[in-house]
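Quick mapping for you: the protein sequence lines, in order, are chains A and B.
Reminder that position 283 of the first sequence reads as 304 in this note's numbering, one-by-one numbering, no gaps.
Reminder that position 127 of the second sequence reads as 250 in this note's numbering, one-by-one numbering, no gaps.
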Amino acid sequence: MDRIVVTGMGVISAIGNTVAENRASLVKGTCGLGSLEMFPSKFSTLLPVGEIKITTEALKEKLEAHERGITRTTLLALHAFKESLADSQLTSEQVSSSDTALIGASTVGGMCLTDEMHRDAQKDTPGSEYIPSYDYASISMYLQQRYSMNGPVNTINTACSSSANAIMFGARLIRNGRAKRAIVGGVDSLAKFTINGFNALHILSPDNCTPFDEDRKGLNLGEGAAFIVLEKEEDVAGKKIYASLSGYSNANDSFHASSLSDNGDGPYKAMSDALALAKLDPSQIDFINAHGTATENNDKVESIAMLRLFGKAPAFASTKANIGHTLGAAGAIEALYCILNLAEQELYPGIHFKKPITGLGLEPVQAYKKIALEHIMSNSFGFGGNCSSLIFSKA
Amino acid sequence: MFYIHQTSCISPQHTFGDADINKLAEPAEKRLQAIEPSYDAIPPGVLRRMGKVVRMGVGAAMPLLQNHPKPDGIIIGTATGGKDDCVKFLNQIIEYDEGMLTPINFVQSTPNAVASQIGLLTKNHGYNVSHLHLGLAFEFAMTDADMMLNENPLNNYLLGAVDDICTHHYYFEDKTGWYKKEDVSNKTLYETNPAATGSPGSIAGEAAAMFWVNGMEAGAVAKLQAVDTLHQADESIVKEKLQDFIEKYLPAGEKIDLLLTGENGDNRLLKYYSSCESVIKEDVTIARFKHMCGEYPTATAMGLWLCCDILQHQHIPDHMIKNAVVKSRYKNILMYNNYKGVQHSFILVSGQ
Numbered sequence: 022m023d024r025i026v027v028t029g030m031g032v033i034s035a036i037g038n039t040v041a042e043n044r045a046s047l048v049k050g051t052c053g054l055g056s057l058e059m060f061p062s063k064f065s066t067l068l069p070v071g072e073i074k075i076t077t078e079a080l081k082e083k084l085e086a087h088e089r090g091i092t093r094t095t096l097l098a099l100h101a102f103k104e105s106l107a108d109s110q111l112t113s114e115q116v117s118s119s120d121t122a123l124i125g126a127s128t129v130g131g132m133c134l135t136d137e138m139h140r141d142a143q144k145d146t147p148g149s150e151y152i153p154s155y156d157y158a159s160i161s162m163y164l165q166q167r168y169s170m171n172g173p174v175n176t177i178n179t180a181c182s183s184s185a186n187a188i189m190f191g192a193r194l195i196r197n198g199r200a201k202r203a204i205v206g207g208v209d210s211l212a213k214f215t216i217n218g219f220n221a222l223h224i225l226s227p228d229n230c231t232p233f234d235e236d237r238k239g240l241n242l243g244e245g246a247a248f249i250v251l252e253k254e255e256d257v258a259g260k261k262i263y264a265s266l267s268g269y270s271n272a273n274d275s276f277h278a279s280s281l282s283d284n285g286d287g288p289y290k291a292m293s294d295a296l297a298l299a300k301l302d303p304s305q306i307d308f309i310n311a312h313g314t315a316t317e318n319n320d321k322v323e324s325i326a327m328l329r330l331f332g333k334a335p336a337f338a339s340t341k342a343n344i345g346h347t348l349g350a351a352g353a354i355e356a357l358y359c360i361l362n363l364a365e366q367e368l369y370p371g372i373h374f375k376k377p378i379t380g381l382g383l384e385p386v387q388a389y390k391k392i393a394l395e396h397i398m399s400n401s402f403g404f405g406g407n408c409s410s411l412i413f414s415k416a
Numbered sequence: 124m125f126y127i128h129q130t131s132c133i134s135p136q137h138t139f140g141d142a143d144i145n146k147l148a149e150p151a152e153k154r155l156q157a158i159e160p161s162y163d164a165i166p167p168g169v170l171r172r173m174g175k176v177v178r179m180g181v182g183a184a185m186p187l188l189q190n191h192p193k194p195d196g197i198i199i200g201t202a203t204g205g206k207d208d209c210v211k212f213l214n215q216i217i218e219y220d221e222g223m224l225t226p227i228n229f230v231q232s233t234p235n236a237v238a239s240q241i242g243l244l245t246k247n248h249g250y251n252v253s254h255l256h257l258g259l260a261f262e263f264a265m266t267d268a269d270m271m272l273n274e275n276p277l278n279n280y281l282l283g284a285v286d287d288i289c290t291h292h293y294y295f296e297d298k299t300g301w302y303k304k305e306d307v308s309n310k311t312l313y314e315t316n317p318a319a320t321g322s323p324g325s326i327a328g329e330a331a332a333m334f335w336v337n338g339m340e341a342g343a344v345a346k347l348q349a350v351d352t353l354h355q356a357d358e359s360i361v362k363e364k365l366q367d368f369i370e371k372y373l374p375a376g377e378k379i380d381l382l383l384t385g386e387n388g389d390n391r392l393l394k395y396y397s398s399c400e401s402v403i404k405e406d407v408t409i410a411r412f413k414h415m416c417g418e419y420p421t422a423t424a425m426g427l428w429l430c431c432d433i434l435q436h437q438h439i440p441d442h443m444i445k446n447a448v449v450k451s452r453y454k455n456i457l458m459y460n461n462y463k464g465v466q467h468s469f470i471l472v473s474g475q
C-alpha cells in the first residue's frame, strides 16, 4: 500500500501562531494557560484557559476576511489552513482541483458566539448576520468558497476526537482513490458554551492542569486550529516530507456518555487497532502524545489501557498542559506535534507533573530530549465513547 | 458500491412498520413533523432523557439492530443532531447567568449523540462516526460506508441519517428565508416553484432513515452504485457534473428509469432541477419527495429509503410523479438533490 505522507502543516494555539512558534514553545516547555480576556465570562479569572491572544478583529484584518457573519472559529481555521497550504507549496490550481479534499472538524463551530446564538434562537428577534455560521459545516464551507475548492469537502464529528477522525477520513479518501491529496484538520475556539458545560460537569481545574499527576484537578479548555496536508508518497517526489501516517483507528468505548470505562476498553481497542493497521508491535511505539486531559477519569483509564496494551508504557506526555484541551482541534494539533517530534527527532518536556498516580506509577516525559524516533502514537478520546488513535512514522 | 439489505424510516409519512406511502400526510403549523412510534425497543428510562433527534435516530435504527448480529460500525449523517440540547443549555447559561447548571443538556449537545447513543445502547465497540456537513452529511456517511466496505468487504454497517425540526433551528431557517412565509399545503408545494410567479422557501421537515448495508449481493433490496457531491452555485457546472456522473457510473447498455429529485417549492432553486432534468431522456419518469418529508439537510436519506421502497414494490405513488412514463420495470434510479443552492448530490441506486 502507498504510504500517505504529510507535506504541509499549519497551526495556531495558545503557545504560538505558527508551526515554528509552537515548536519553539514546546521545546522550552511554555505554558500558554492563563486568564480569559477575549470575551466576558464569570469564570474569566477563576478558570485558566489556553487562549490565543489575538482579537477577532485583528484576525479579520490579518487574514483579510471581512465577510458578513464570519466567526472567530472560522478565522482560526483559516489561519492554520493558510499556513498549511503555503508550507506544502500547493498551487492554487492544486487546491481547487477536483481531486483535493478538505475535511474539517469542530465541536463548537459558530457557537463561540454564545450570546448572539441565544438571541437568534428566540422567536421574535430579528436574525443576526451570524445565523448561517452557527452550523458546524460553516467552517469547511467558508474555506471551500474562499479557495474555490471542487473536491470532496466534509465536516466530521466524534466529539473531542473529531479532528483525529478528519485526518483518518482524508487518508481513507486517498487510499480509496477518491482524492489525490487531502487537507485535514480541526478547529475550536473558546466559548461561554463549553466553559459552562465542562464546569457543570465539574471537570475544569481552577489551576493549570497537571496531566497524569496524582493530584490532578481536571482540565483547562483551550482554543486553536491545525491543518495538515496528506498526499501519496509517489505523488510528492522532491517535496519535503515530515512524516507518514501509518495507522489509525476509531473504536467506541460504549460505556457512558461522558466518561470512560474502568478498564479503558475503547482506548485499548483504538490503540491496538491502529497498531494492527500499521502492522506494528506495541514495542515499536517510541512515544505517545496522550489524550491526557488531566481529569480524574481520563488519565487513570488511559494509563490502565496503556499498561494493558504495552506492558511497560512507552514514553508519553500530554501537551494539554501547554495549550489546554482544544476539543475539536485537539486531535489535529496533537497529531501535528507528533509530526514535529518525528521530523525534528526530539521529545518535548511534559509540564506541571509532580507525582505519579498511586498504583499506576506512570511518569510522563519531563525534559527536552534529542532522541531517535520511528513511530509515534496520538490518542484522542471523546464524549459518547468515541476513541481514536493515529500512528505517525518517520519520513 | 454497496448493497442495502434492510431499511427503516421514521418520517412525517406512514413509513415505519407497516408502511403505506400512497396516503399523503399533511403539514401542521407549516411543519411536516414525523409520525413517531411508541419506541418500544428503547428502555423507558433512557427514552425519557433523549432529545427528539436522538429518539428518532435510535428508534429508526432499532429494528435493524434487532434482526442482525452487531454491525461492524455505525455511520450517521446529521446536521441538527444534538442541537436542541445545545440551545437548552444555552438558555440555562443565560437564564442562570453562568450559575449552577445541570450538565445533562451539555453532554447530549454533542453532534455525535445519535451515533454514540446507538453504540452505547447496543454495546457496540466498532467504528462510530457522525458526518455533519449540512446538506451533504448523509452523502458523506454513504461515502464512508462505501469506503469501509471496500476496505473490509465482509463487514456489515448501520448507515443512516436523522434531522429534526428543533424549535431554534426552525427560527434560524425561518429568519434566513428558507421556509415559506405563507401557509402552503404539501399537495400544492410545487406550484410555488416558478421563478417569476412562485415564492422562496420550502416547508420545514424531518425524518430518520436507517439502512443495513454490506457487500453481499444475495438478498439485497438495492445496490448503491455511486454517490458524488459538489459545492457550486452555477447550474451549468452542476449539469456538467451530473452528465459526467451518469457516464461514469450507469452500467453500460442500461438506462435511467426514474429521476427522483429534491425539488422543494423554492422558486430560487428550480433552475438547478430544470438543468438536471434536461440531462435525461424524455422517456424517464420524474418524481419528487420533499412534499413528503419537507426540507431538511439529510433529506436524501428519506429519498434513498423511497428508492428502496420503489425498487421493492415497483410502484410510485401518484403524488410523487412529475413526469409519468409507463414503465414495465424500474431498475436504475438517479437521485439529484441540492441544499440551499450550493450543496449538490448525485446518487445512483439500482434494483436487481
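Glycine included, C-beta positions come from ideal geometry on N, C-alpha and C.
Computed from a predicted structure; not experimentally measured.
Opening and closing residue of the beta strand (DSSP E) in which residue 408 of chain A lies:
Its beta strand (DSSP E) spans residues 407-415.
Spatial neighbours of residue 355 of chain B within its chain, please: C-beta separation below 8 Å, excluding the five flanking residues on both sides. So the list reads 361, 364, 465, 467, once near-sequence residues are dropped.
Handout entry: Where residue 215 of chain A sits in the DSSP three-state scheme
Key = Helix.
| message | For residue 274 of chain B, would you say it is in contact with chain A, using Cβ-to-Cβ distances shorter than 9 Å as the test? | response | Contact of residue 274 of chain B with chain A is assigned, a C-beta pair being separated by under 9 Å.
Item checked: Close beta carbons around residue 205 of chain B, own chain, < 6 Å, minus the five adjacent residues each side -> Excluding residues within five positions, the ones whose Cβ falls inside 6 Å are 232, 233, 234, 236.
Exercise. Give me the Cα-Cα distance between residue 340 of chain A and residue 368 of chain A, rounded to the nearest whole angstrom.
Key: Near 11 Å, if we compare the C-alpha coordinates of residue 368 of chain A and residue 340 of chain A.
- Task: Give the DSSP-derived three-state secondary structure of residue 128 of chain B in the structure shown.
- Result: In this structure, residue 128 of chain B counts as strand in the three-state DSSP scheme.
For a test of the three-state rule: what should DSSP assign to residue 349 of chain A, helix, strand or coil? Looking at residue 349 of chain A - three-state DSSP - the assignment turns out to be helix.
Task: residue 467 of chain B (DSSP reduced to helix, strand or coil) - done: Here DSSP, grouped into helix, strand and coil, assigns residue 467 of chain B to strand.
Handout entry: Beta-carbon separation (whole angstroms), residue 248 of chain A vs residue 306 of chain A, contact threshold 8 Å
Key = That belief does not hold up - the Cβ atoms of residue 248 of chain A and residue 306 of chain A are roughly 25 Å apart, past 8 Å.
What alpha helix (DSSP H) runs, 4 residues minimum, are completely inside the stretch 384-431 of chain B?
-> Entirely contained in the stretch 384-431 of chain B, the alpha helix (DSSP H) runs reaching 4 residues are, in chain order, 393-400, 413-416.
Decide if the stretch 167-183 of chain A is in contact with the stretch 114-121 of chain A; the criterion is three or more beta carbon pairs, one per stretch, under 8 Å apart. Output reads yes: the stretch 114-121 of chain A touches the stretch 167-183 of chain A.
Contact check, residue 164 of chain B vs residue 180 of chain B, beta carbons under 9 Å | Contact: no.
Determine, for residue 352 of chain B, whether the minimum Cβ-Cβ distance to residues of chain A falls below 9 Å. Residue 352 of chain B counts as touching chain A.
Listing by chain order, which chain A residues have their CB less than 7 Å from the CB of residue 246 of chain B? Those are 275, listed as they occur along chain A.
In terms of residue numbering, what span does the alpha helix (DSSP H) encompassing residue 344 of chain B cover? Where residue 344 of chain B is concerned, there is no enclosing alpha helix (DSSP H), given that its DSSP letter is neither H nor E.
Determine, for residue 267 of chain A, whether the minimum Cβ-Cβ distance to residues of chain B falls below 9 Å. Judged by the 9 Å Cβ criterion, residue 267 of chain A is not in contact with chain B.
| query | Hey, quick one: how far does the alpha helix (DSSP H) through residue 360 of chain B stretch, first residue to last? | reply | Looking at the DSSP string, the run of the alpha helix (DSSP H) that includes residue 360 of chain B is 358-372.
Practice problem: Return the Cβ separation of residue 412 of chain A and residue 267 of chain A in integer angstroms, given the expectation that the two are a contact with Cβ distance under 8 Å. | Solution: Going by Cβ atoms, the distance from residue 412 of chain A to residue 267 of chain A rounds to 5 Å, so yes, they are a contact pair.
Exercise for the section: Alpha carbon to alpha carbon, how far is residue 92 of chain A from residue 149 of chain A? Give it in angstroms, no decimals. Expected result: CA-CA distance, residue 149 of chain A to residue 92 of chain A, rounds to 12 Å.
Using a beta-carbon distance below 9 Å, is residue 235 of chain B in contact with chain A?
Using beta-carbon distances, residue 235 of chain B counts as an interface residue toward chain A, with a partner under 9 Å.
Check: If you check the beta carbons only, do residue 130 of chain A and residue 108 of chain A fall under 9 Å apart?
Finding: Annotated as distal: residue 130 of chain A and residue 108 of chain A, with beta-carbon spacing of 9 Å or more.
Self-check item: Entirely enclosed beta strand (DSSP E) segments - the stretch 320-369 of chain A, minimum 3 residues
Solution: Unbroken beta strand (DSSP E) runs of no fewer than 3 residues, entirely contained in the stretch 320-369 of chain A, are found at 336-338, following chain order.
Q) What residues are listed by DSSP as bridge partners for residue 55 of chain A? A) Residue 55 of chain A pairs with A:70.
(message) On the CB-based measure, 16 or more other CB atoms within 10 Å of its CB, does residue 138 of chain A come out buried or exposed?
(response) Burial call: buried.
Looking at the C-beta of residue 419 of chain B, does it have a partner C-beta in chain A at a distance below 9 Å? So, not an interface residue.
Buried versus exposed call for residue 248 of chain B [16 or more other C-beta atoms within 10 Å across all chains shown]
The residue in question, residue 248 of chain B, is buried, as its Cβ has 16 or more Cβ neighbours within 10 Å.
If we define contact as Cβ-Cβ less than 9 Å, is residue 171 of chain A a contact residue for chain B?
When Cβ-Cβ separations below 9 Å define contact, residue 171 of chain A makes contact with chain B.
- [ ] Would you decide whether residue 219 of chain B is buried or exposed? Buried here means 16 or more other CB atoms lie within 10 Å of its CB.
- [x] Answer is exposed; the Cβ neighbour count stays below 16.
Problem set entry | Cβ neighbour criterion (16 or more within 10 Å) applied to residue 176 of chain B | Here residue 176 of chain B is buried. Its C-beta has 16 or more other C-beta atoms within 10 Å.
Checklist entry - Would the stretch 318-334 of chain B and the stretch 433-447 of chain B be scored as touching if the rule is three or more Cβ pairs under 8 Å? => result No, the stretch 318-334 of chain B does not touch the stretch 433-447 of chain B.
Original post:
So is residue 145 of chain B in contact with chain A if we call contact Cβ pairs under 9 Å?
Top reply: It does not; no Cβ of chain A falls within 9 Å.
*Of all Cβ atoms in chain B, is any one closer than 9 Å to the Cβ of residue 346 of chain A?*
No, no contact with chain B.
field: C-beta atoms of residue 327 of chain A and residue 359 of chain A nearer than 9 Å
entry: Note that the C-beta distance between residue 327 of chain A and residue 359 of chain A is not below 9 Å.
Check whether the stretch 340-358 of chain A and the stretch 231-245 of chain A are in contact - that is, three or more C-beta pairs closer than 8 Å.
Flag = yes, the stretch 340-358 of chain A and the stretch 231-245 of chain A touch.
### Query
Taking Cβ-Cβ distances below 7 Å as the criterion, which residues of the stretch 283-302 of chain B are in contact with chain A?
Of all residues in the stretch 283-302 of chain B, 291, 294, 295, 298, 299 have a Cβ within less than 7 Å of some Cβ in chain A.
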